[in-house]
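Chains as they are written, first to last, in the UniProt record's numbering: chain A, 1 to 105; chain B, 1 to 105.
Here a beta-carbon is modelled for each residue, glycine too, at the ideal position from N, C-alpha and C.
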DNA sequence: GGCTACACATAGCCTGCCTACATGTAGCGA
DNA sequence: TCGCTACATGTAGGCAGGCTATGTGTAGCC
């Protein structure tokens, strides 16, 4: 998959992977690999800044915890994050309809 | 639709709209508007450089003609452009499968 | 004479993701 | 105990690709 195709969809991916569960950054990267059968392997330099940005936007909330001596920042969706996810999903459907319509079946 | 979502899919759109017909730049923009029910309104500063780039890549061929006093550069797919289009379509399917799979139904 | 639609083109910006690097813990094998 | 790998978070700066702004010119209408 070409690199640039992800552009504009990163937020949707991060919100979706946190839908209904709490995960820390490293686990988010692994979850995306798993859910995409290995197709998505996002670098930490992409994911961590994005998570902080989404938290600043009020869509995520985080808290530190310690598991076997390692510090983790665990993220979860806020109420408005859930709304944002719904909006992202709607936009994804529109996007695929538009582009798919032009590309043909 | 967010602006950056187009990233990485522009070539596919341009190749697809030229599949099986010859069009000049301005008509390509109109054809994309039409096929997308107005959702895609690409600026000339996006389309014209892209067309020249695709021609340099060997995927398009162009010729000048004059219609009622106006000069037009008419583009058509080359053989390797058709192959590129097929590859772009395959990549689009993969892309939607991967992202759609993460976003959920 | 001025306005709108048609038609092409380029320079430079902007943004958002990626590369590269930095830091630190835990656990295993040699 | 030394080194390696996996785990875990983070930032600075680069880069590429589409967009903004601008320029040029014709045709046709009012």
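What three-state label does DSSP hand residue i in the structure shown?
i	result
residue 74/A	strand
residue 92/A	helix
residue 84/B	helix
residue 57/B	coil
residue 100/B	helix
residue 7/A	coil
Are the beta-carbon atoms belonging to residue i and residue j less than 8 Å from one another?
i	j	result
residue 18/B	residue 75/B	yes
residue 8/A	residue 2/B	yes
residue 88/B	residue 6/B	no
residue 13/A	residue 34/A	no
residue 24/B	residue 73/B	yes
residue 38/A	residue 60/A	no
Can you tell me the Cα-Cα spacing of residue i and residue j, whole angstroms?
i	j	result
residue 92/A	residue 46/B	22 Å
residue 49/A	residue 53/B	33 Å
residue 62/A	residue 42/B	39 Å
residue 29/A	residue 40/B	32 Å
residue 78/B	residue 51/B	13 Å
residue 97/B	residue 69/A	38 Å
residue 4/B	residue 67/A	38 Å
residue 21/A	residue 71/A	19 Å
residue 27/A	residue 90/B	30 Å
residue 86/A	residue 86/B	32 Å
residue 44/B	residue 44/A	36 Å
Exposed or buried, which one is residue i when buried takes at least 16 other CB atoms within 10 Å?
i	result
residue 94/B	exposed
residue 64/B	exposed
residue 103/B	buried
residue 36/A	buried
residue 58/A	exposed
residue 84/B	buried
Return the first residue and the last residue of the alpha helix (DSSP H) that residue i is part of.
i	result
residue 19/A	Residue 19/A -> no alpha helix (DSSP H), and no H or E assigned at all.
residue 32/A	25-35
The beta strand (DSSP E) with residue i in it runs from where to where?
i	result
residue 39/A	From DSSP, residue 39/A is part of no beta strand (DSSP E); its letter is neither H nor E.
residue 61/B	60-67
Does any heavy atom of the ligand GTP sit closer than 7 Å to the C-beta of residue i?
i	result
residue 10/A	For the ligand GTP, the structure offers nothing, since it holds no ligand at all.
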